[in-house]
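Report on the following structure.
Protein chains: 2
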Amino acid sequence: MSGLVAVHVGAGSHSSSLKGEYKTLMKKACNQAMALLRGGGNAVDAVCAATQVLEDSPRTNAGVGSSLTADGRVECDASIMDGRTLRHGAVGAVPGVRNPILLARQILEAQSQPLPGGLVPPSFLAGSGAQVWAASNNVETCEPAELIAERSQRIHEESLRNIQRLEEGGTKRRRYALPEEEEEMQGGLLDTVGAVCVDGAGYVASAVSSGGLLLKHTGRVGQAAVYGCGCWAENNCDGSGVSIGVSTTGCGEHLIRTMFARLCARAAISPSMGRSIVDAVTTHFLESEFLEGVHPRMAGALILRHDPQGSVSDLYWLHTTRTMGVCYMTTNDRKPKAQFSELAEEKIGVAVHLQSKSFGGGIPVTTPIEGMRAGPSHGEASGLLVGEETGKSDSSDEEEEPG
Amino acid sequence: MSGLVAVHVGAGSHSSSLKGEYKTLMKKACNQAMALLRGGGNAVDAVCAATQVLEDSPRTNAGVGSSLTADGRVECDASIMDGRTLRHGAVGAVPGVRNPILLARQILEAQSQPLPGGLVPPSFLAGSGAQVWAASNNVETCEPAELIAERSQRIHEESLRNIQRLEEGGTKRRRYALPEEEEEMQGGLLDTVGAVCVDGAGYVASAVSSGGLLLKHTGRVGQAAVYGCGCWAENNCDGSGVSIGVSTTGCGEHLIRTMFARLCARAAISPSMGRSIVDAVTTHFLESEFLEGVHPRMAGALILRHDPQGSVSDLYWLHTTRTMGVCYMTTNDRKPKAQFSELAEEKIGVAVHLQSKSFGGGIPVTTPIEGMRAGPSHGEASGLLVGEETGKSDSSDEEEEPG
């Protein structure tokens, strides 16, 4: 096994009717990354290329097609980490950049260029200043409105009306979104995208990109931009000899408060077929005091563990949401393999579901394992787009003309 | 001992002639916080009030008087953490907000208010979006230019000229700054401010506020806005029974990559009179692989450790820079006590100097301890404003008219 790339389209609630489309997209992303790896590219090149493909689809909540802010704009978060240099480049709430991951990468790379007078290159740029950097560093900028997809606009309008109805004491009613979009809205649309990779030289890298939460406040920064929270890549992680790459997805505020990427990386060091990861996520996320009062708790992660001894790589993906879509491919494979993982409805936000696959010496496929928080379940989903749904959609005060 | 507040004016290179002024300012901040504590305020109220006083001084690199970006603006980072709720509120690269710490606090508090439809309140806002939030949440906004102090403008112009000369292959020459400002410029002006507090109920809180690095790119976000890096407050830290508050200062990029606030918090759990902290900073900052190739390494922290058993509080302050200014006061004290700590010139950026004081049962004052990185020292300071100075200021190509 001389190289492995894996991508995800987030932990969320993917529509059954769209899964085929998501799989095709993820395969394209894997193929693109693999072509680079085979052509001599490194892990950073690969995760960047894969994420760029995912961003370019109006179907994912990243780049074009991102969720809109409450005031109707696209503002993106993204970051990338190089496990070899341990450098990290991040952008937060940036408007008008077609591929936020390319900007994050440019910020990553610029850190290796000394500046005159010992000035320190930035590792994290936010808002319009990040767009200024893009414009002066050959990263494509565009009119912010160009990143608004039709789908995002429909969902935005529907969500605003739902909120308004809730504020007026009514129940909500959907009108504008397509049926498959409605299905996805129920899950909260947390579909951040990302990628992890180990290249032929054994170096790992990771990337994450997100349009953030639906109806977020302008300027809101989520985990995808925050060090230790959105992605992690560390060769010889914590001196263990093992290299780890992580890309996270879910509710950014929850993932920041639990430093989710680094949490998963530390937990993945132990060669326990994923049990240590499930335990860590149960204890330090589902039961964490840092999320006191927060229910449901929404997270997901794609984790790559590479042990240079024997050249074994393990891939793990976990989520506390209803679904998560992943795809992977090694340099030995002719085709990438895409799949969706699912968590039972009553466990959403209170349990973690983990699947894994081993490459190059380990047990090829391991059985899924789950962990669940102790104590009362608080299982009722309570988001704008989840729950509060059953039997209410027919109530009589909800007719209105289509937008 | 029923309450303790401590503040800092950053790790940097404070001018000898200005130390009196800094001390007066820090005492004012402590007194203000103590008045609140005595009036029934909690730790969050106290650190917020203290930080506000420090921001309001044009002498500190926070709020009015912040360092200017390369394009001449003030953009501020700040965050606050409540050790009781473990919530964190942060703002990054925000323009036109007189007291960024008040905005961070507003973001902290808003997280306890449920939003309609289960929308998640933000924990981190950046750029102009943060200013929008301020304007709609009763946090005072202003014209961005109102935050530019004369001192900042002088230093900015001088720094720009220095950079230009360096780029043209010349040496640098100072012209515009006052003598005491020149002295401070030599240290890199890393004077982030902040505060830590334990209140009468035993709850801890911490705050940090910064104008960021001189000549930073617009949109640059430093550690003061980043979770786990700028400040930390955790009652019953890691389940140890001990409560910890931390406020960091230094080069933001270095502090982000080492998650410096959380690093210090974890290290302070052990009751080792500061030795565990010095060891942790030596290993995980001065010798950290996450800062490979980075010299000198600039950091500082103010750390409060409160052990409810016996009601003992220990205060630690450490820095790898030339100086650090701190001030503290307990509810038993009539007056706050301010002091500057100093590191020998040859140790700047390669060694850590720690001082401590114990309240309410411990050894009142402990001797300073130091740790130094193993291996070659790389002690030559190499910043825009440090080093490259000796004997060069008289070179003949450097005359120009004053600005």
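Order-wise, the sequence lines are chains A and B. Here the first sequence is numbered in the working numbering, starting from 1 and rising by one per residue. Here the second sequence is numbered in the working numbering, starting from 1001 and rising by one per residue. Glycine residues also receive a C-beta, built at the ideal position from the N, C-alpha and C atoms.
Query raised in the report: Do A225 (chain A) and I80 (chain A) have their C-beta atoms within less than 7 Å of each other?
Result: no
Query raised in the report: Can you find a CB in chain A that lies within less than 7 Å of the CB of S1128 (chain B)?
Result: yes
Query raised in the report: How is Q339 (chain A) classed by DSSP in three states: helix, strand or coil?
Result: strand
Report task. Let me know the secondary structure DSSP gives C1229 (chain B) once reduced to three states. Result -> coil
Query raised in the report: Applying the criterion that 16 or more other CB atoms from any shown protein chain within 10 Å of the CB defines a buried residue, is P1116 (chain B) buried or exposed?
Result: exposed
**Report entry** Within chain A, partners of P1308 (chain B) - CB distance below 8 Å
**Finding:** Those within 8 Å of P1308 (chain B) in chain A number zero; the least Cβ separation is about 17 Å.
Report task. Could you check the C-alpha separation between G1092 (chain B) and I1107 (chain B) for me, to the nearest Å? Result -> 12 Å
Requested in this report: Could you tell me if D307 (chain A) is buried or exposed, where buried requires 16 or more neighbouring beta carbons within 10 angstroms of its beta carbon?
Outcome: buried
Query raised in the report: Shorter than 7 Å from the beta carbon of P1414 (chain B) to some beta carbon of chain A?
Result: Nothing about residue 1414 (chain B) can be read from this structure; chain B reaches only from 1001 to 1403.
Query - Helix, strand or coil at T1367 (chain B) according to DSSP, with G and I counted as helix - result: strand
Query raised in the report: First and last residue of the alpha helix (DSSP H) that includes A1093 (chain B)?
Result: No alpha helix (DSSP H) holds A1093 (chain B); the beta strand (DSSP E) holding it covers 1088–1094.
Requested in this report: Can you give me the Cβ contacts of C197 (chain A) inside the same chain, cut-off strictly under 6 Å, excluding the 5 residues immediately before and after it?
Outcome: V5, A43, A46, V47, A205
Query raised in the report: Within 10 angstroms of its Cβ, does S66 (chain A) collect 16 or more other Cβ (buried), or is it exposed?
Result: buried
Requested in this report: Return the first residue and the last residue of the alpha helix (DSSP H) that R1266 (chain B) is part of.
Outcome: 1260–1268
Query - Span separating the alpha-carbon of L963 (chain B) from that of L1102 (chain B) - result: In the structure displayed, chain B extends from 1001 to 1403; residue 963 (chain B) sits before or after that span and is not available.
Requested in this report: Quick one: measure Cβ to Cβ for G10 (chain A) and D191 (chain A), integer angstroms, because I've assumed they're closer than 8 Å.
Outcome: 3 Å
Report task. Determine the DSSP secondary structure at G1325 (chain B), reduced to helix, strand or coil. Result -> strand
Requested in this report: Let me know the secondary structure DSSP gives G1211 (chain B) once reduced to three states.
Outcome: coil
Query raised in the report: Tell me which same chain residues have a C-beta within less than 7 Å of the C-beta of L125 (chain A), skipping the five on either side of it?
Result: V91, I107, W133
Report task. Work out the CA separation of S341 (chain A) and S17 (chain A) for me, nearest whole Å. Result -> 15 Å
Requested in this report: Identify each residue in the region 1216–1228 of chain B for which the Cβ-Cβ distance to at least one residue of chain A is less than 7 Å, and report them in chain order.
Outcome: K1216, H1217, T1218, G1219, R1220, V1221, V1226, Y1227, G1228
Query raised in the report: Between the C-alpha atoms of A1381 (chain B) and G118 (chain A), what's the straight-line distance to the nearest angstrom?
Result: Interpretation of A1381 (chain B) is limited by its pLDDT of 42, a score under 50 that renders its predicted location unreliable; the figure taken from the coordinates is listed afterwards. Looking at the two C-alpha atoms, the distance is approximately 9 Å.
Query - Pick from B:E1109, B:V1350, B:T1367 that is closest to S1358 (chain B), judged by C-alpha positions - result: B:T1367
Query raised in the report: Which term fits A1195 (chain B), buried or exposed, when burial requires 16 or more other beta carbons within 10 angstroms of its beta carbon?
Result: buried
**Report entry** Reduced DSSP secondary structure (H/G/I, E/B, other) of D199 (chain A)
**Finding:** coil
Report task. Note down, in chain order, all residues in the region 107–133 of chain A with a beta-carbon under 7 Å from any beta-carbon belonging to chain B. Result -> P116, G117, G118, L119, V120, P122, S123, F124, L125, A126, G127, S128, G129, A130, V132, W133
Report task. Quick one: list the residues of chain B neighbouring L213 (chain A), beta-carbon separation under 9 Å, in chain order. Result -> L1119, V1120, P1122
Report task. With DSSP collapsed to three states, give me the class of G1012 (chain B). Result -> strand
Requested in this report: Please work out which residues of its chain come closer than 7 Å, Cβ to Cβ, to P1058 (chain B), disregarding the five sequence neighbours upstream and downstream, and give them in chain order.
Outcome: V1064, G1065, A1149, R1151
Query raised in the report: Between the region 159–171 of chain A and chain B, which residues of the former have a C-beta closer than 7 Å to a C-beta of the latter?
Result: N162, I163, L166, E167
Query raised in the report: Is the region 1321–1333 of chain B close to the region 1345–1360 of chain B, with three or more CB pairs under 8 Å?
Result: yes
Query - Expected contact under 8 Å - CB spacing of G1252 (chain B) and G1212 (chain B) to nearest Å - result: 7 Å
Requested in this report: Measure the beta-carbon distance from P336 (chain A) to N31 (chain A) and round it to whole angstroms, keeping in mind my assumption that it falls under 8 Å.
Outcome: 6 Å
Query raised in the report: If we ignore side chains and look at the alpha-carbon of each, how far apart do H1014 (chain B) and E1157 (chain B) end up?
Result: 20 Å
Report task. May I have the straight-line CA-CA distance separating F1285 (chain B) from A1261 (chain B), to the nearest angstrom? Result -> 11 Å
Query raised in the report: If we cut at 7 Å on Cβ distances, does F1290 (chain B) have a partner in chain A?
Result: yes
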